[in-house]
Amino acid sequence: MEEKWKQREFDLVSVADLCSGSSSSSPGKARFTSDGLQILQDSHQILFNVDLLTAQVFKLGPVQSVCIVEEEGSDVVKKTSYSKGVTLQFRNEEDSAAFHCVVQQWKKEGKVQGGNILNGTIVTSKSKFDEKIESSSAKMYFHYYGQLLHQQNMLQDYVRTGTYYAAVIENRGDFMGRVVVDVGAGSGILSLFAAQAGAKHVYAVEASEMAEYAQKLIAGNPTLAQRITVIKGKVEDVELPEKADVLISEPMGTLLVNERMLESYVIARDRFLTPNGKMFPAVGRIHMAPFSDEYLFIEIANKALFWQQQNYYGVDLTSLHGTAFQGYFSQPVVDAFDPRLLVAPPMFHVIDFTKIKEEDLYEIDIPLKFTASVGARVHGLACWFDVLFNGSTVPRWLTTAPGSPTTHWYQLRCVLSQPIYVMAGQEITGRLHLIAHNAQSYTIYLTLSAKMWGPGAEQGGILQTSSCKLDLKEPYYRMSQPQAYALAQDQQQPQPLLQTQDIHIQSQDLNESEIMQQPLPNSSVQINSLMQNI
Numbered sequence: 305m306e307e308k309w310k311q312r313e314f315d316l317v318s319v320a321d322l323c324s325g326s327s328s329s330s331p332g333k334a335r336f337t338s339d340g341l342q343i344l345q346d347s348h349q350i351l352f353n354v355d356l357l358t359a360q361v362f363k364l365g366p367v368q369s370v371c372i373v374e375e376e377g378s379d380v381v382k383k384t385s386y387s388k389g390v391t392l393q394f395r396n397e398e399d400s401a402a403f404h405c406v407v408q409q410w411k412k413e414g415k416v417q418g419g420n421i422l423n424g425t426i427v428t429s430k431s432k433f434d435e436k437i438e439s440s441s442a443k444m445y446f447h448y449y450g451q452l453l454h455q456q457n458m459l460q461d462y463v464r465t466g467t468y469y470a471a472v473i474e475n476r477g478d479f480m481g482r483v484v485v486d487v488g489a490g491s492g493i494l495s496l497f498a499a500q501a502g503a504k505h506v507y508a509v510e511a512s513e514m515a516e517y518a519q520k521l522i523a524g525n526p527t528l529a530q531r532i533t534v535i536k537g538k539v540e541d542v543e544l545p546e547k548a549d550v551l552i553s554e555p556m557g558t559l560l561v562n563e564r565m566l567e568s569y570v571i572a573r574d575r576f577l578t579p580n581g582k583m584f585p586a587v588g589r590i591h592m593a594p595f596s597d598e599y600l601f602i603e604i605a606n607k608a609l610f611w612q613q614q615n616y617y618g619v620d621l622t623s624l625h626g627t628a629f630q631g632y633f634s635q636p637v638v639d640a641f642d643p644r645l646l647v648a649p650p651m652f653h654v655i656d657f658t659k660i661k662e663e664d665l666y667e668i669d670i671p672l673k674f675t676a677s678v679g680a681r682v683h684g685l686a687c688w689f690d691v692l693f694n695g696s697t698v699p700r701w702l703t704t705a706p707g708s709p710t711t712h713w714y715q716l717r718c719v720l721s722q723p724i725y726v727m728a729g730q731e732i733t734g735r736l737h738l739i740a741h742n743a744q745s746y747t748i749y750l751t752l753s754a755k756m757w758g759p760g761a762e763q764g765g766i767l768q769t770s771s772c773k774l775d776l777k778e779p780y781y782r783m784s785q786p787q788a789y790a791l792a793q794d795q796q797q798p799q800p801l802l803q804t805q806d807i808h809i810q811s812q813d814l815n816e817s818e819i820m821q822q823p824l825p826n827s828s829v830q831i832n833s834l835m836q837n838i
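Residue 305 is where the sequence shown starts when you use the working numbering, and the numbers rise one by one after that.
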């Protein structure tokens, strides 16, 4: 069966042949098949069959692109000339971004499988990481994690570090006498935990300069060091002398997927893990719920007031106010918030690290559906995540939920520039669409809708809809602790609703449904107790 991304189809507002000599255009489709890309005019007439390994695709603007196709019959030995082309206009920026994401997947897949290049030789596959990640982004990323102060910040997140320690030590049977690979080892702390749990040997793979510090830290613990080998390099590139029984990693970023390290974790699984091997963690869940926070909305809106000045040293700034206003609302907000701000019970999206394909992480599309428990102005969507360490002895969750002990991930909120109004019992629908980009993050497209309230609205099916586009790479790090909010009379129950959702979980995505139904533990209490007993 073809991968689903090879079967994508995009409606086009217009298609125009650059070589026709005419300025006319008509609606069409861009259809990906197992052989490449078809450009259809009037939705049925094939205008071009495009070989994506040789074609050039460029963005001309937010919703417009051009595809240049190699001239038929050209001598492949000589310099290629391109004389055929077509301009494509998409319905919106979201479709345009998704189209270019699929093009990049196609090119990468073709090169990995050994597509023919112009001189008749076989393409030497670059590292998967280098293929999809901009070099400047990778350089900054590895520089950041190569510094001890940032490793210390993560080590001092005692919810994070303590939960990993508990998950390993409580499940010694999964590590005793086993070969372990630590993916993105950082300081090497997880490798040391695995060695403490009796691992036969641990391979600590780290691409940044932190590998040298990890080697030094491990050498400072000689009773464990003899069973740990530090390997400097990317998991996409390195070779190991043996397969792993266990993979351990901390690949989670903001909103679970930021930094795109989950893809490296999955690649390590495919390259190194034995068929029945364990992954710590094994499952991740993105939780979402609409929220109401007037203070936050006003705070963001007020940032753009600077651009309303009509006489700033004799200059009128107001022409940029609208752009600045939208710019501030394009930043996801990272902070800790009071769970009483949620206006509906949360839902979640499951990512099973043991089964998911790497390319499925390039685009994540989540339909949203909530029932408002209170009447409120909905200012956006609140998100957090948790991961499951599915140990054979003690399954354990690490959660970043609001109301739980705060972690260095905090929570994330996507704020709408135009709030929507809901009443208690009203249905809220929408879509959260994440599209990966080469700066190791995602573009977020969020839409929330609710039916208008009042006489005649139900019959007419009138919707109030608000959308926003955000860059997960460029958040607003507010990172305040939860504030005390005065509750209105109709806002007495959101906190119990959040707890109920965590306890009564039903999942059709995993076989371990009984594990998924377990409540999240009070991890900080249990971890402290565990560490005292060991």
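Where is the CB? At the ideal position from N, CA and C, for every residue including glycine.
Nearest-angstrom Cα separation, counted from residue j out to residue i
i: residue 401; j: residue 537; result: 31 Å
i: residue 805; j: residue 526; result: The predicted position of residue 805 is uncertain, since its pLDDT is 37 and thus under 50; a value taken from the coordinates is nonetheless stated next. Computed Cα separation, rounded: 46 Å.
i: residue 671; j: residue 736; result: 6 Å
i: residue 410; j: residue 663; result: 10 Å
i: residue 654; j: residue 612; result: 44 Å
i: residue 719; j: residue 338; result: 39 Å
i: residue 315; j: residue 659; result: 31 Å
i: residue 637; j: residue 678; result: 23 Å
i: residue 388; j: residue 372; result: 6 Å
i: residue 562; j: residue 729; result: 33 Å
i: residue 519; j: residue 455; result: 14 Å
i: residue 590; j: residue 451; result: 29 Å
i: residue 623; j: residue 394; result: 28 Å
i: residue 779; j: residue 631; result: 11 Å
i: residue 548; j: residue 365; result: 46 Å
i: residue 726; j: residue 488; result: 44 Å
i: residue 738; j: residue 596; result: 22 Å
i: residue 627; j: residue 405; result: 26 Å
i: residue 634; j: residue 604; result: 10 Å
i: residue 472; j: residue 459; result: 16 Å
i: residue 732; j: residue 505; result: 51 Å
i: residue 529; j: residue 483; result: 14 Å
i: residue 322; j: residue 620; result: 42 Å
Host beta strand (DSSP E) of residue i (start-end)
i: residue 749; result: 745–755
i: residue 342; result: 340–345
i: residue 610; result: Segment: none, residue 610 is in no beta strand (DSSP E) and carries neither H nor E.
i: residue 351; result: 349–354
i: residue 592; result: 587–595
i: residue 580; result: 577–584
i: residue 768; result: 767–775
Within 8 Å, strictly: CB atoms of residue i and residue j
i: residue 495; j: residue 535; result: no
i: residue 501; j: residue 476; result: yes
i: residue 564; j: residue 744; result: yes
i: residue 704; j: residue 690; result: yes
i: residue 571; j: residue 539; result: yes
i: residue 714; j: residue 775; result: no
i: residue 643; j: residue 681; result: no
i: residue 319; j: residue 332; result: yes
i: residue 584; j: residue 550; result: yes
i: residue 769; j: residue 747; result: no
i: residue 317; j: residue 356; result: no
Buried versus exposed call for residue i [16 or more other C-beta atoms within 10 Å across all chains shown]
i: residue 546; result: exposed
i: residue 447; result: exposed
i: residue 618; result: exposed
i: residue 524; result: exposed
i: residue 467; result: buried
i: residue 837; result: Only weak support is given to the placement of residue 837: the predicted model assigns it a pLDDT of 45, under 50, and the value that follows is read from those uncertain coordinates. So residue 837 ends up on the exposed side.
i: residue 602; result: exposed
i: residue 292; result: An answer regarding residue 292 cannot be provided, because it is not within the stretch 305 to 838 covered by the chain.
i: residue 741; result: buried
i: residue 478; result: buried
i: residue 490; result: buried
i: residue 486; result: buried
i: residue 579; result: exposed
Extent of the continuous alpha helix (DSSP H) run through residue i
i: residue 466; result: 462–473
i: residue 628; result: 625–633
i: residue 621; result: Element bounds for residue 621: n/a, residue is neither H nor E.
i: residue 443; result: 439–449
i: residue 362; result: First-last for residue 362: 360–363, but that is the beta strand (DSSP E), not the alpha helix (DSSP H).
i: residue 435; result: 432–436
i: residue 497; result: 493–500
i: residue 478; result: 476–479
heavy atom of the ligand NAD below 7 Å from residue i C-beta
i: residue 367; result: This structure does not include the ligand NAD; it has no bound ligands of any sort.
request  = Give, in chain order, every unbroken run of the beta strand (DSSP E) that is at least 3 residues long and sits entirely within the region 517–571.
outcome  = Correct list: 532–536, 548–553.
key: Sequence ranges, beta strand (DSSP E) only - wholly within the region 661–716, length at least 3   = Counting only runs of 3 or more, we get 667–675, 680–693, 700–703.
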